[in-house]
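Everything below concerns the one structure shown next.
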Amino acid sequence: MAQGLAAAGCYSRRLMQLLLGRCVLASLRPQELANLAWAVAKTGHQVHDGWTAELLQCSQAYMAPAGSSTSSAQGWRAGAVGAWPSTAVDAANHKRDEQPCQQQQQGLGALAGCFKPQELANLAWALAVMQQQCMLHSAPPLRHSCTRVDTAWKQQLCTAAAAQLGDCNTADLSMVLWALAVLGGGGMLQQQQQQQGWLDGVLHRAVELSGALQGRH
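Just so we're aligned, residue 1 is where the sequence shown starts under the working numbering, counting upward by one.
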C-alpha cells in the first residue's frame, strides 16, 4: 500500500505513520523491504532514527555474503587471475558461481534469497534520499544525526553489489554509486578498490553496458 501511494503521488503523513507502525520490518522479504524504503523516500516522510536502524539491521540479513564468488578479494583485485572470464568455459563457470545466494534467516524459519540488483539499488537510493531530506529539514547543529548509515553497512552494500554485478543494469550501477557518494562512502570505496578492485569491476561492467547508458546515468 505504501508503494502504491508513493507511486500515485498521494501522501498522507498520518496514513504513512499508521502503515509504518503496523509494519514489522523483520517479517518482510527483500523486495518488500526495498519497496517500503523507496516509498518512504519518495513521499519525503520523515522517520526516526530507530526505524532507520531497524531497516539497516533487517536488510543486512539479505545482503550477499562476502564469500560469494565475485565479491572475493581474489576475484575482484585488479589484475587477479580469473577476475574476468576469457573463454566460453570460463564464462559458464563464472555465471554458475553467480547464482543468487540462499541462506537461512534466523527467526524466519525458511530459506530466503538475497536482494536482487534492482532491489539493492532501490534500497541504497532510498537511504541516500532519506539522508538528504533529513539534512534539508534539520537545523545545522542537528544535521549530524541524519548520517545513520554506518561504514559496515556500506561495505556490505559493495559486497552485495559485486556478488551480482553481472546482473546489474545501467540504472542499478548508477544508483548504487550515487547512493554511496551521498552517504559519504568515498573513503570506504578507496579501501574496497585497494583490497578488491571494486571500482575496476564496476567500470568493467559499465563498459559492457555502454550502449545502454543515457545522460541520466
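We put the beta carbon where it would ideally sit given N, CA and C, even for glycine.
- Straight-line measurement puts the Cα of Ala61 at about 23 Å from the Cα of Val182.
- Annotation for Ala128: Ala179, Val182 and Leu183 place their beta carbon closer than 6 Å to its own, counting only its chain and skipping 5 residues before and after.
- For Gly50, the uninterrupted alpha helix (DSSP H) run begins and ends at Asp49 to Gln60, by DSSP.
- Here Gly186 carries a helix assignment [DSSP, helix/strand/coil].
- According to DSSP, Gly201 shares a beta bridge with no other residue.
- Cβ contact annotation for Gln57 (same chain, cutoff 6 Å, sequence separation greater than five): none.
- Taking C-beta atoms as the reference points, Asn169 and Leu120 fail to come closer than 8 Å.
- Residue burial is scored here from C-beta neighbours: Gln195 has fewer than 16 other C-beta atoms within 10 angstroms and is therefore classed as exposed.
- In the DSSP assignment, Gly113 falls within the beta strand (DSSP E) that extends over Leu111 to Gly113.
- Inter-residue distance for Arg14 and Pro140 is about 27 Å (C-alpha atoms, whole angstroms).
- Between Gln192 and Ser12, the alpha-carbon positions lie close to 41 Å from each other.
- In terms of CA proximity to Ala162, Leu177 leads the group Leu177, Val149, Gln31 and Thr151.
- For Pro30, the CB contacts under 6 Å within the same chain, skipping 5 residues up- and downstream, are Tyr62, Phe115 and Glu119 in chain order.
- Taking a C-beta distance under 8 Å as the contact criterion, Met130 and Val47 qualify as a contact pair.
- In the three-state scheme derived from DSSP, where H, G and I count as helix and E and B as strand, Pro65 is classed as coil.
- Within 10 angstroms of the beta-carbon of Gln156 lie 16 or more other beta-carbons, which makes it buried.
- If you draw a straight line from the Cα of Leu213 to the Cα of Gly166, it is about 16 Å long.
- Ranked by Cα distance from Val24, the first of Ala171, Ser138 and Ser59 is Ser59.
- In the DSSP assignment, Leu15 falls within the unbroken alpha helix (DSSP H) covering Arg13 to Arg22.
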